[in-house]
Amino acid sequence: MNATVLVVHGSTNGSTAEIADAVAAVLSKEGLTVETRPAGTVKDVSPYDAVVIGGALYAGRWHKDARRFARRNRRALAGRPVWLFSSGPLDPSAGERDVPPVPGVRRIMDRLDAREHVTFGGRLEEGARGWVARMLLKNGKGGDFRDFHRIEGWAAGVAGELTRVRSEV
């Protein structure tokens, strides 16, 4: 039996949404049924067997839509496998070492009994919304630090775990 997976994201400028799409593509390629949605648009998680929640990091905090999704759906997510990812470092650090979750994401992990969290590099390019984003770009802090090979490898691990869990049921 195929697992149905929801991949939700909190993203302001699209980078985290693109990571969520890449995760979903791998899960789908591995034979899982997948839906990708902005976190703020999901009203019910009951149709899904597992959930991946992604949030962009801004000034050490997860995107508000990802935080709200986790809080609103805490009870409904109990008993479902949940994975979390963050995107945001605007430097190569996320590809060079394991970047631990920020404290707020660590609390969400604990509350949801999440299986895993990973931090991926972010992207900030000209045209980004927000005063802080514009200031970072003005100071030369922009660029694309996402590693899609690493993202796809992580997603394949999630798919493998879901496939293994489903075959044991």
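Our numbering numbers the first residue of the sequence shown as 1159 and each following residue consecutively.
Ideal Cβ positions, reconstructed from N, Cα and C, are used throughout, including at glycine.
Residue i, buried or exposed, once every other Cβ within 10 Å from all chains shown has been counted against 16
i	result
V1290	exposed
M1267	buried
V1327	Summary for V1327: the model assigns pLDDT 44, below 50, so the residue's position carries little reliability; its value from the coordinates is reported in the next sentence. V1327 should be labelled exposed.
H1307	exposed
P1250	exposed
D1207	buried
T1199	exposed
D1156	Residue 1156 lies beyond the stretch modelled for the chain, which goes from 1159 to 1327, so this question has no answer here.
A1236	exposed
D1256	exposed
Residue i, DSSP secondary structure in three states
i	result
H1275	strand
L1190	coil
A1214	strand
V1316	helix
S1245	strand
A1208	strand
D1302	strand
V1327	Residue confidence is low: V1327 scores 44 on pLDDT, short of 50, so the model does not pin down where it sits. Its coordinate-derived value is still stated next. Coil, per DSSP.
I1177	helix
K1296	helix
G1172	coil
P1261	helix
V1184	helix
Residue from the options whose Cα sits closest to the Cα of residue i
i	options	result
V1166	K1187, G1189, S1244 and N1297	S1244
I1177	D1271, R1292 and G1246	G1246
S1173	A1214, V1209 and P1250	A1214
N1297	R1229, E1283, Y1216 and K1201	E1283
A1217	V1263, V1210 and V1276	V1263
E1319	P1196, A1180, D1302 and L1190	L1190
G1279	P1258, E1193, G1288 and R1273	P1258
V1209	A1161, E1310, S1251 and A1286	A1161
K1201	S1186, A1182, R1229 and R1219	R1229
V1276	L1242, P1261 and M1293	L1242
L1113	K1299, A1197, N1171 and E1188	Because the chain in this structure spans residues 1159 to 1327, residue 1113 falls outside the shown range and cannot be described.
A1304	E1274, L1248 and V1316	Rather than Ala, the amino acid found at residue 1304 in this sequence is Arg. Nearest of E1274, L1248 and V1316 to R1304, Cα basis: L1248.
R1225	E1254, R1269 and G1285	R1269
R1232	P1261, R1265, V1260 and E1254	R1265
R1273	V1316, A1286 and G1253	V1316
Which residues DSSP lists as bridging residue i, in chain order
i	result
P1196	H1167
W1289	Beta-bridge pairing links W1289 to no other residue.
T1162	T1191
V1240	V1209
L1282	G1301
R1219	Y1216
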